[in-house]
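Using my numbering, you'd call the opening residue of the sequence shown number 39 and step up by one each time. What follows is one structure encoded as structure tokens, with my remarks underneath.
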Amino acid sequence: MSDSFVVPEIDVQTLAERRDEGAVLFDVRQPDEWEEVRAPGAVLVPLAEVPDRLGEFPTGERVHLICRSGARSMKAAEFLSANGVDAVNVAGGTMAWVAAGFPTDSGPAAG
Numbered sequence: 039m040s041d042s043f044v045v046p047e048i049d050v051q052t053l054a055e056r057r058d059e060g061a062v063l064f065d066v067r068q069p070d071e072w073e074e075v076r077a078p079g080a081v082l083v084p085l086a087e088v089p090d091r092l093g094e095f096p097t098g099e100r101v102h103l104i105c106r107s108g109a110r111s112m113k114a115a116e117f118l119s120a121n122g123v124d125a126v127n128v129a130g131g132t133m134a135w136v137a138a139g140f141p142t143d144s145g146p147a148a149g
């Protein structure tokens, strides 16, 4: 079913560069994982909620998806691509982001 959509993948170095340029990033892990550690500015939409929250993903710009290691975000990216969203998967996920020494946030969302 997802074979007709080839989802592009980038590494965390490319994500860091794109984040500096204002790239949109969604994190599809569970809330407890997101609170533990995340890339700054990542918007939490757990994988199971992606279909019901499709309208929250912009269609006029590229959307970057991250999870723990890249598997859940690839599933989300495939679904979003099939539904008209320009989605890119972040290979290696948050584990690679942390291992590369990029800045992180933690704790509950402000607000």
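Glycine is no exception: its CB is placed at the ideal position from the N, C-alpha and C atoms. These numbers were taken from a predicted model, which means no experiment stands behind them.
On the three-state DSSP scale, how would you describe residue i?
i: D49; result: coil
i: F117; result: helix
i: A138; result: coil
i: T97; result: coil
i: E55; result: helix
i: S111; result: helix
i: G131; result: helix
i: M39; result: Below a pLDDT of 50, predicted positions are generally treated as unreliable, and M39, at 41, falls in that range; the measurement from the model is reported next regardless. M39: coil per DSSP, three-state reduction.
Quick check on the DSSP output: the beta strand (DSSP E) that includes residue i runs from which residue to which?
i: A125; result: 125 to 128
i: D70; result: Where D70 is concerned, there is no enclosing beta strand (DSSP E), although the alpha helix (DSSP H) it sits in stretches over 69 to 74.
i: L103; result: 101 to 104
Tell me residue i's beta-bridge partners as DSSP assigns them.
i: V81; result: F64
i: D143; result: R76
Quick check: the segment 73 to 80 against the segment 114 to 124, are there 3 or more CB pairs under 8 angstroms? In this structure the segment 73 to 80 does not touch the segment 114 to 124; the number of beta carbon pairs closer than 8 angstroms is below three.
Below 8 angstroms, how does it come out for the segment 131 to 146 and the segment 100 to 110: are there three or more Cβ pairs, yes or no? yes
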